[in-house]
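Student: If you scroll down you'll find the structure; I have some questions about it.
Right, here's the structure in full:
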């Protein structure tokens, strides 16, 4: 895609860190979240937004490929599900 | 039945979570654990649950699962590259046209991609046919970003879809991206988002399918793509 002039950024779960790193992708944001839920827990809108903003920042501010940024946010759905 | 047939080994037990009689896609990685590691996984899980009875702290469970999944999927896999092309962004994110593509397996109600010609394939059937999916070329579903979340459907034989059924944004963040566009953080969120079942033939995806998708993005003058592999 990058060869065709389209910039890309990947958001992936850290459980696939080795595989994602091996692909030498242009820009990758890695979260410490379970399989199938790379942007955060269901209903955790704040974390989902934070993860996307980090990906957009990486998109805008990298000048070379192969960058992997690990996001320290915790996967924490319990407080969001309480009282629902 | 012989005694041997009636006895399930720990090997059989741990493997049964991976598309076996106890199929559970959150824990299918146990198949790739040695029996010793699988035994330790269960022993420690139960021991820590015992601690939780006394201290009321269950927060460790997420970390415990993520760490175990990470061990299960450790290693580089099949696709190792020395380098890859890089396209610097030509304008700020607040001015670009951004598209979303996820391997989540979403589609819009009434626009089922009907894998292998099957009408209304269930999640269970998709899991049962995982080897067929892994040989097939992926089908791209076009999803208008204004689609109400309750009209989104998801089916994917490779991961546990319960979370994404509660909130599609956990791997198909259309609502979050629409909000970011409304806030001026993204110039234009392209009005069609894309999803496909990532459990597909990776060779066909790479050689045949992806180049077609790239041409389509070029035709639509998309500047950048957010990719979410699941």
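Chains as they are written, first to last, in the numbering used here: chain X, 2 to 85; chain V, 120 to 349.
We put the beta carbon where it would ideally sit given N, CA and C, even for glycine.
(1) If you draw a straight line from the C-alpha of residue 127 of chain V to the C-alpha of residue 133 of chain V, how long is it?
(2) From residue 9 of chain X to residue 327 of chain V, what distance separates their C-alpha atoms?
(3) Under a CB-based cut-off of 8 Å, is residue 304 of chain V close to chain X?
(4) How would you call residue 71 of chain X, buried or exposed, if buried means at least 16 neighbouring beta carbons within 10 angstroms?
(5) Helix, strand or coil: how does DSSP classify residue 9 of chain X here?
(6) Taking beta-carbon pairs under 8 Å, can you tell me which members of the stretch 307 to 319 of chain V lie near chain X?
(7) What does residue 25 of chain X touch in chain V if you count any residue whose Cβ is under 8 Å from its own?
(8) Beta-carbon of residue 55 of chain X versus every beta-carbon of chain V: anything under 8 Å?
(9) Tell me the DSSP secondary structure of residue 46 of chain X in three-state form.
(10) May I ask you to report which of helix, strand or coil DSSP gives residue 275 of chain V?
(11) Measure from the alpha carbon of residue 286 of chain V to the alpha carbon of each residue in X:75, X:46, X:68, then state which is nearest.
(12) Identify the residues that DSSP records as bridge partners of residue 30 of chain X: which are they?
(13) Which whole-angstrom value describes the C-beta separation of residue 306 of chain V and residue 164 of chain V, a residue pair presumed to lie in contact below a C-beta threshold of 8 Å?
(14) Using a beta-carbon distance below 8 Å, is residue 9 of chain X in contact with chain V?
(15) Counting only C-beta atoms, is residue 290 of chain V closer than 8 Å to chain X at any point?
(16) Is there a C-beta anywhere in chain X that falls below 8 Å from the one on residue 169 of chain V?
(17) Taking only three categories from DSSP, how would you classify residue 262 of chain V?
(18) Could you give the C-beta distance for residue 27 of chain X and residue 4 of chain X, rounded to a whole number, given that I count them as a contact under 8 Å?
(19) Which residues in chain X sit within 8 Å of residue 295 of chain V, going by Cβ to Cβ distance?
(20) Please list, in chain order, the chain V residues whose beta carbon lies closer than 8 Å to that of residue 72 of chain X.
(21) Which chain V residues sit within Cβ distance under 7 Å of residue 69 of chain X?
(22) Drop a sphere of 10 angstroms on the beta-carbon of residue 274 of chain V, count the other beta-carbons inside from all chains shown, and report buried for 16 or more, exposed for fewer.
(23) Quick check on the burial criterion: 16 or more other C-beta atoms within 10 angstroms. Buried or exposed for residue 237 of chain V?
(24) Just checking, does the stretch 220 to 227 of chain V make contact with the stretch 290 to 297 of chain V on the three C-beta pairs under 8 Å criterion?
(25) Closest to residue 64 of chain X by C-alpha separation, out of V:195, V:171, V:160, V:210, would be which residue?
(26) So that I know if they touch, is there some Cβ in chain X lying closer than 8 Å to that of residue 134 of chain V?
(27) Could you check the C-alpha separation between residue 246 of chain V and residue 258 of chain V for me, to the nearest Å?
(28) Could you tell me whether any Cβ in chain X is nearer than 8 Å to the Cβ of residue 128 of chain V?
(29) Taking only beta carbons into account, state which residues of the stretch 206 to 223 of chain V come closer than 7 Å to chain X, listed in chain order.
(30) Residue 288 of chain V: buried (16+ other C-beta within 10 angstroms of its C-beta) or exposed?
Tutor: This is what the structure gives:
(1) 10 Å
(2) 19 Å
(3) yes
(4) exposed
(5) strand
(6) none
(7) 200, 201, 202, 203
(8) no
(9) helix
(10) coil
(11) X:46
(12) X:12, X:70
(13) Not really, about 47 Å apart at Cβ, beyond 8 Å.
(14) yes
(15) yes
(16) no
(17) strand
(18) Their Cβ separation, rounded to whole angstroms, is 11 Å, which puts residue 27 of chain X and residue 4 of chain X out of contact at 8 Å.
(19) 40, 46, 49, 50, 53
(20) Chain V residues near residue 72 of chain X: none, gap ~13 Å exceeds 8 Å.
(21) The contacting residues do not exist; residue 69 of chain X stays about 13 Å from chain V at best.
(22) buried
(23) exposed
(24) yes
(25) V:210
(26) no
(27) 17 Å
(28) no
(29) 206, 207, 208, 211, 212
(30) buried
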